[in-house]
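Peer 1:
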Amino acid sequence: MIISLVGYMGSGKSHISKILSEKINFKLIDLDKEISRRNKLTIPEIFEKKGEIYFRKLERETLEELLATEENLILSLGGGTPVYYNNMEIINLNSKSVFLRASIQTLSERISKQKEKRPIIANISDENLPEFIAKHLFERNEFYSKAQFNVNTDSREPEDIVNEIIEKLYL
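FYI, the numbering for the sequence shown is 1 to 171, going by full-length UniProt numbering.
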């Protein structure tokens, strides 16, 4: 079984996927880290040197390869992954998809502390961050909502979120 975690940056995909992986003993792959490892460049470096279109092609190719594996796997996907090509459809065809949903306020609080790691928001003031997130979510929720399962991460302990995912996947 492959479990794909989708959601906006700051929704908890990386953190939740680690705990879930340990709890159910599945291999964990973070798609962005895998792309970086294979290309020996960080995601910001790929964007800067080769552009977003090139990155999205790499992302799609890597996603297809990983979804074709037979092993028990958790995929932590980038926030934009479901939006491009027909990625959300192939994610749903080849894995159990879980949308980690969080409010604009929660996302703003979480990612404002990580601006240096997230080039897309590096130059956005904390004051303007909620509006930026709201616009992005408006565009992306159409894709995120296609996930087979939906889990709210607002004001919840990671262990509770992981337990809910396990319950939904194994009922």
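Built from N, CA and C at the ideal position, the CB exists for glycine as well.
Everything numeric in this text was worked out from a predicted model, so none of it was measured.
Please state if the CB of Ser11 and the CB of Ile74 are separated by a distance shorter than 7 Å.
Peer 2: no
Peer 1: Please state whether the Cβ-Cβ distance between Phe138 and Asn72 is less than 7 Å.
Peer 2: Result no, Cβ atoms of Phe138 and Asn72 do not sit closer than 7 Å.
Peer 1: Starting from the Cα of Ile166, find the closest Cα among Ser76, Lys96 and Met9 and give me that residue.
Peer 2: Lys96
Peer 1: Buried or exposed: where does Leu171 fall if 16 or more other Cβ atoms within 10 Å of its Cβ makes it buried?
Peer 2: For Leu171, the pLDDT reaches just 48, beneath the cut-off of 50, and the residue's location in the model is therefore unreliable, although a value from the coordinates is still provided. Counting the other Cβ atoms within 10 Å of the Cβ of Leu171 gives fewer than 16, which makes it exposed.
Peer 1: Have a look at Glu48, Thr69 and Ile43 and flag the residue whose alpha-carbon is nearest the alpha-carbon of Glu59.
Peer 2: Ile43
Peer 1: Can you look up Lys13 in the DSSP assignment and give me helix, strand or coil?
Peer 2: helix
Peer 1: Counting C-beta neighbours from all protein chains within 10 Å, is the total for Glu159 16 or more, i.e. buried, or is it exposed?
Peer 2: exposed
Peer 1: Taking only three categories from DSSP, how would you classify Asp126?
Peer 2: When DSSP states are grouped into helix, strand and coil, Asp126 belongs to the coil group.
Peer 1: Check whether the Cβ atoms of Arg140 and Val83 lie closer than 7 Å to each other.
Peer 2: yes
Peer 1: Between Lys113 and Ala122, how many whole angstroms is the CB-CB distance? I'm expecting something under 8 Å.
Peer 2: Not quite, the Cβ-Cβ distance comes to about 13 Å (not below 8 Å), so this is no contact.
Peer 1: Under DSSP, the beta strand (DSSP E) around Lys50 begins and ends at which residues?
Peer 2: Note, Lys50: premise wrong, no beta strand (DSSP E); alpha helix (DSSP H) at Ile43 to Lys50.
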